[in-house]
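Numbering (this note's numbering), first residue to last: 19 to 399. Below is one structure, written out as structure tokens, with a few remarks after it.
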Ligand SMILES: Cc1cc2nc3c(=O)[nH]c(=O)nc-3n(C[C@H](O)[C@H](O)[C@H](O)COP(=O)(O)OP(=O)(O)OC[C@H]3O[C@@H](n4cnc5c(N)ncnc54)[C@H](O)[C@@H]3O)c2cc1C
């Protein structure tokens with residue numbers, strides 16, 4: 019056996035999970051990445067920032083929301099509250115250098131073959147054998163592109179490296195969640211006129227789960243962009259795009275309500291990403307577009323293949339932010355340690371700092387947000 023555990027992907031999920039494994043006593047771990055450590059973050063538009071704020075609150079057992087270990091802090095590392103993609107990738111790199119992680123970069127995993135009690139991973143360069151695989155391949159390489167007929171005429175928001183590359187004087191954006199509103203803010207500040215079509219109205223939504231509504235950071239920036247550029251932003255909520263057609267001199271965008279919009283420039287589609295498990299979907303059971311997991315984030319079909327990252331769904335809740343999916347690093351580490359016959363690891367500190375959350379009742383049934391209209395404070399979770 020070459021390694022006890024191979025982790026595919028050196029983003030926050032892969033790097034963070036490997037350090038939880040180490041705290042559980044498992045050292046014989048290899049991390050493989052098709053590109054570089056944190057490469058998804060290096061492909062973000064240069065103006066984009068993490069929407070989740072960073073603050074070095076670690077000494078009070080409240081670890082920085084974007085940290086991938088209980089004792090590091092991106093805020094402390096970069097001295098900023100909202101890091102850019104490059105700054106966050108630098109943090110990931112610094113963590114892996116400091117802890118001397120065994121990462122092989124520029125080595126894409128092409129195939130996983132199950133054996134009797136092991137897995138063989140074929141990369142572009144080698145073949146490796148291991149007992150356990152943790153898939154941490156991320157969503158960023160899988161933009162949703164086929165949501166409606168004619169979507170191929172649009173450009174996905176993740177294709178931009180800087181919003182300054184957008185040459186038109188007006189932009190039609192499809193999608194009103196974080197990415198669509200982020201694009202709206204930057205383009206409005208670059209003096210473009212924006213028409214945004216969204217099937218919901220996240221800017222007006224009220225929900226206890228922060229994944230279901232615009233972050234305060236983005237809402238604040240949207241209000242600022244609208245104030246500083248009066249009349250430049252038009253938000254059309256509850257408008258589902260059904261088709262985009264390309265004519266010789268413009269694009270025609272049709273909606274479910276029968277509205278028709280035309281624009282000179284390729285519409286920008288900001289409708290998110292497919293599951294991170296897309297490249298290995300045959301190893302997981304699916305209900306529609308949702309992969310199924312055991313209570314320990316393992317495949318229900320192939321014991322020994324775990325998943326770590328934002329596509330994790332437990333009890334109908336998506337663990338899409340770093341502070342959410344890091345809560346499961348300890349659960350995965352504990353399960354693997356037991357499976358490999360290690361002595362029971364002491365992960366009390368991980369539990370205390372939110373890196374080992376096995377009580378899913380709390381994080382999937384959140385009623386703890388305070389209604390700003392209400393006079394009383396909601397129940398604690
Ligand atoms: C635009 C955007 C903004 C976001 N903003 C926030 C935010 O503000 N706060 C927050 O908490 N979360 C945010 N998220 C969600 C989440 O934190 C990110 O998606 C994060 O990158 C997930 O980490 P990851 O390690 O799963 O994936 P990634 O960071 O994408 O890392 C995956 C790695 O796997 C490698 N890989 C993929 N396939 C293979 C293969 N076959 N072989 C080898 N290597 C492979 C890739 O090269 C990549 O380096 C955001 C997500 C997106 C898309």
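Glycine is no exception: its CB is placed at the ideal position from the N, C-alpha and C atoms. Predicted, not measured: the structure shown is a model, and the values here were computed from it.
Who are the Cβ neighbours of residue i in its own chain at under 8 angstroms, not counting the five residues just before and after it?
i, result
"residue 100", "67, 68, 69, 71, 72, 235"
"residue 8", "Lying outside 19 to 399, the shown extent of the chain, residue 8 is not represented and no answer is given."
"residue 44", "22, 23, 351, 354, 355, 358, 360"
"residue 110", "28, 29, 30, 33, 55, 56, 59, 86"
Under the rule that 16 or more other beta-carbon atoms within 10 Å means buried, what is residue i, buried or exposed?
i, result
"residue 342", "buried"
"residue 223", "exposed"
"residue 334", "exposed"
"residue 362", "exposed"
"residue 91", "buried"
"residue 134", "exposed"
"residue 128", "exposed"
"residue 427", "Look at the range of the chain in this structure, 19 to 399, and you will see that residue 427 is not part of it."
"residue 359", "exposed"
"residue 299", "exposed"
"residue 379", "exposed"
"residue 389", "Because the pLDDT of residue 389 is 46, which lies under 50, any placement of that residue in the model is unreliable, and the number read from its coordinates should be weighed accordingly. Exposed."
"residue 350", "buried"
"residue 37", "buried"
"residue 80", "exposed"
"residue 305", "exposed"
"residue 196", "buried"
"residue 399", "Since pLDDT at residue 399 reaches only 27, below the 50 mark, its modelled position is unreliable, and the value read off the structure follows with that caveat. Label assigned to residue 399: exposed."
"residue 200", "buried"
"residue 395", "Here residue 395 scores only 32 on pLDDT, less than 50, and its place in the model should not be relied on; the value that follows carries that caveat. Answer is exposed; the Cβ neighbour count stays below 16."
"residue 82", "buried"
"residue 248", "exposed"
"residue 187", "exposed"
"residue 245", "exposed"
Candidates the options: which alpha carbon is nearest residue i's?
i, options, result
"residue 250", "258, 256, 257, 241", "241"
"residue 121", "274, 56, 194", "56"
"residue 329", "160, 90, 86, 63", "160"
"residue 307", "285, 322, 321, 336", "336"
"residue 105", "60, 266, 183", "60"
"residue 256", "246, 277, 248, 245", "277"
"residue 312", "237, 376, 157, 207", "376"
"residue 274", "217, 309, 285, 323", "217"
"residue 353", "338, 327, 322, 305", "322"
"residue 220", "231, 227, 210", "231"
"residue 125", "139, 41, 131, 189", "139"
"residue 84", "118, 34, 64", "34"
"residue 364", "344, 41, 271", "41"
"residue 158", "103, 291, 303, 301", "291"
"residue 62", "102, 301, 132, 284", "102"
Apart from the five residues just before and just after residue i, which ones in its own chain have a Cβ nearer than 6 angstroms to its Cβ?
i, result
"residue 253", "214"
"residue 149", "22, 136"
"residue 331", "308"
"residue 47", "23, 36, 39"
"residue 340", "30, 84"
"residue 19", "147"
"residue 107", "56, 59, 60"
In the DSSP output, which residue or residues are listed as bridge partners for residue i?
i, result
"residue 188", "211"
"residue 26", "50, 153"
"residue 291", "161"
"residue 221", "Paired residues: none, contrary to the question."
"residue 244", "Beta-bridge pairing links residue 244 to no other residue."
"residue 309", "304"
"residue 280", "270"
Ignore the nearest five residues each way along the sequence and tell me which others in residue i's own chain have a CB closer than 7 angstroms to its CB.
i, result
"residue 174", "161, 163, 287"
"residue 367", "88"
"residue 239", "203"
"residue 325", "153, 295, 311, 315"
"residue 392", "A caution first: residue 392 carries a pLDDT of 40, below 50, which makes its placement in the model unreliable, though a value can still be read off. So the list is empty, once near-sequence residues are dropped."
"residue 193", "216, 287, 288, 289"
"residue 205", "181, 184, 189, 212"
> Between the stretch 136-149 and the stretch 92-109, do at least 3 Cβ pairs fall closer than 8 angstroms?
Replying inline: no
> Between the stretch 178-197 and the stretch 309-323, are three or more C-beta pairs nearer than 8 angstroms?
Replying inline: no
>> Does the structure place the stretch 248-266 close enough to the stretch 159-170 that three or more beta carbon pairs sit under 8 angstroms?
In response: As far as the Cβ criterion goes, the stretch 159-170 touches the stretch 248-266, which means the pair count is three or higher.
> Per the contact definition of three or more C-beta pairs closer than 8 angstroms, is the stretch 112-119 in contact with the stretch 365-372?
Replying inline: no
> Can you find at least 3 beta carbon pairs, one from the stretch 26-46 and one from the stretch 146-158, that sit closer than 8 angstroms?
Replying inline: A contact exists between the stretch 26-46 and the stretch 146-158.
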